[in-house]
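In the numbering used here, the protein residues as written are 2 to 678. Built from N, CA and C at the ideal position, the CB exists for glycine as well. All remarks here apply to the structure that follows.
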Ligand code: AMP
Ligand code: ZN
């Protein structure tokens, strides 16, 4: 088999597995085997740039950075939809239609997905452009980002028209949304409010690799073009599905408005079982011929109408407003409600967000409030029933002191939240930081749970995570529900955690904005906590993917406080002191010997592009050698490329490009000689 044949075969296989998994939801290969094939393809493509294909499955991992999205005109305007809210509205709509078209009218009922609308253009079966709705006439070209969404086909199958557009919705399923939020909370960041805004925000990210990491999905429901080979909306859905698109499975043909209402009533109740957010039903005249006769108003098609579900709303009594303190000291006011049924779950609490929100709605304890579950996962209070306000009601006074440690709260300009500044002494913050430290992705301490941490803090046995390492069985035995065996397990777990690698320890320290990935980056770059603590702002932002915000946060974390000599209060330990203790207990505060062996700075940050096949090392080994010796690997040649390491069969286009840009092309041996000393 020639390389070209092999490339085409792998592309075909991967495309099919991808389709089975993401569109049909039916895996036909293990993740591992998929990755192996993808890597194989990637290497072949790197070695043979002459077979480059912008629609190859390897393009899905992203990496293209768009600074400014191009504005593109839609060939066919993207209209909005008229809304309806009742049976009467729908009947009026039908009357208007029947005046304009002859004969029977059938309707398709589809769910109205709440995401970001998108128009995809396919030419000869290849995705060539993805454009947001924008103002309906013009949108943003977000093709690089859309390509990373696995359910968007890059290449179609079957008897598709040579040129057409297909429209649909980019959505973020609840599962993926929740997982993203867990990661954010772990990194000390504010969680996203709702899936829809997060989905549309994702489309405008500059780094498509970041989009690739987001679990977005794409549901397509509308073919647009001239001379399409379909006669009805239903047929359009079926055809689109045959060509490889993910079309909503829930669509029904209705012969009358009564049947439309059956569909609506069913999904009004059952939509909460769906993996995505929906906010209504879209009813469309099924026949495209009739659609054409009906045409458009200045804003919307006459042949379609959206029926909006009422956001489920209930009223209940707000019993008490309490305040929660987070790991970073952020205060969140919480409404404790008389339990009430809403959208299929019992609701006892609702978030009040911040002081402004409470003041704006004048929410008070004892009020009867309206609670709604819209796009948000946590229900929210949308108003107060003033008629039922008790006579002795008093306006809510937002707390001025921390509910936990009584410290006066602070609020910085431009921040909606209040914070407890008593980082070192506030028990909830202390416990939350230790809980983060022991969590699964950080130190993963077996035998120690969040509640025990709270108890240990309350009993004054620990004040920070370093204190965990000096605990003794005798100290913890008296704790509630602690037996000899569990005490020993706990201490064994603590001891075992001393072997946890540096990058996870660094994540566990709880530096704001330093999540798992950032911790890895920093660990790899600085190699030890000492080097990281010694870094200044410029050195920090020089690291790949470390921006101003993260750099400032790292500096603040390691700042040496100016000791107040006249203070009567004993000074609490600084982060540097805590880390000093972790060191003496034998934790991994640097990359281990094995990892370090063979790591140098010889290449001094130079960027390498690797092309072709090598005799002494594999491509993967070569790339690792570059990184281990302080270089960077990039997949494409640009002005920033320092060297191209060329093996056998280096692609001619890469060679020409390197020559044009006057970038040195070196052989495998020359490279190995470079790092030899
Ligand atoms: P609106 O933004 O309220 O004017 O509603 C129109 C939008 O609903 C369209 O632009 C689509 O993005 C979205 N939508 C969601 N599901 C559907 C569907 N099944 N058919 C048509 N439009 C839909
Ligand atoms: Zn506090």
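For residue 81, the distance from the CB to the nearest heavy atom of the ligand AMP is below 7 angstroms. For residue 609, the enclosing beta strand (DSSP E) starts and ends at 608–612.
Residue 154 counts as buried, since no fewer than 16 other beta carbons sit within 10 angstroms of its beta carbon. Taking C-alpha positions only, residue 503 is separated from residue 524 by approximately 7 angstroms. By a beta-carbon distance limit of 8 angstroms, residue 116 contacts residue 172. Their separation comes to about 4 angstroms.
Here DSSP, grouped into helix, strand and coil, assigns residue 390 to coil.
In this model, residue 183 and residue 193 are separated by some 10 angstroms (Cα to Cα).
In the three-state scheme derived from DSSP, where H, G and I count as helix and E and B as strand, residue 352 is classed as strand.
Beta-bridge pairing by DSSP links residue 337 to 321, 350. Within the region 607–662, the complete beta strand (DSSP E) segments of 3 residues or longer fall at 608–612, 633–635, 644–647, listed in chain order. With a 10 Å radius around the Cβ and a threshold of 16 neighbouring Cβ atoms, residue 621 comes out exposed.
The Cβ-Cβ distance between residue 667 and residue 634 does not fall below 8 angstroms.
In this structure, the alpha-carbon of residue 473 lies about 27 angstroms from that of residue 530. Nearest neighbour of residue 179 by Cα position, chosen from 615, 165, 195, turns out to be 195. Taking residue 84 as the centre and dropping the five residues before and after it, the same chain places the C-beta of 307, 309 closer than 7 angstroms to its C-beta, in chain order. DSSP places residue 68 outside both helix and strand once states are collapsed to three, so it counts as coil. Contact between residue 151 and residue 23 holds: their C-beta atoms lie close to 4 angstroms from each other, under 8 angstroms. By the neighbour-count criterion, in which a residue is buried when 16 or more other Cβ atoms sit within 10 angstroms of its Cβ, residue 271 is exposed.
Here residue 642 is buried. Its C-beta has 16 or more other C-beta atoms within 10 Å. Distances from the CB of residue 423 to the heavy atoms of the ligand ZN include at least one below 7 angstroms. If you compare the alpha carbons of 627, 176, 497 with that of residue 601, the shortest gap goes to 627. With a beta-carbon spacing of about 5 angstroms, residue 144 and residue 130 fall inside the 8 angstroms limit used to define contacts. With a cutoff of 8 angstroms on beta-carbon distance, residue 141 and residue 70 are scored as near each other.
Counting every other CB atom within 10 Å of its CB across the protein chains shown gives residue 81 a total below 16, marking it as exposed. Cβ-Cβ distances below 6 angstroms link residue 629 to 599, 600 in the same chain, with the five nearest sequence neighbours on each side left out; the list follows chain order. In this structure residue 380 does not touch residue 335 by the C-beta definition: roughly 11 angstroms separates them, more than the 8 angstroms allowed. Cα atoms of residue 664 and residue 181: separation of roughly 41 angstroms, rounded to the nearest angstrom. The criterion of a C-beta distance shorter than 8 angstroms is satisfied by residue 369 and residue 316. For residue 325, the shortest separation between its Cβ and any heavy atom of the ligand ZN does not lie below 7 angstroms. The beta-carbon separation of residue 580 and residue 554, rounded to 16 angstroms, does not stay under the 8 angstroms limit for a contact. Put simply, of 325, 313, 366 the residue whose alpha carbon is nearest the alpha carbon of residue 339 is 366. Across the set 7, 640, 516, the C-alpha of 516 shows the shortest separation from the C-alpha of residue 190. DSSP lists 331, 411 as the beta-bridge partner residues of residue 420. Within 7 angstroms of the C-beta of residue 408 there is at least one heavy atom belonging to the ligand ZN.
A straight line joining the alpha-carbon of residue 276 with that of residue 175 spans about 6 angstroms.
The alpha carbon of residue 356 has as its nearest neighbour, out of 324, 91, 385, the alpha carbon of 324.
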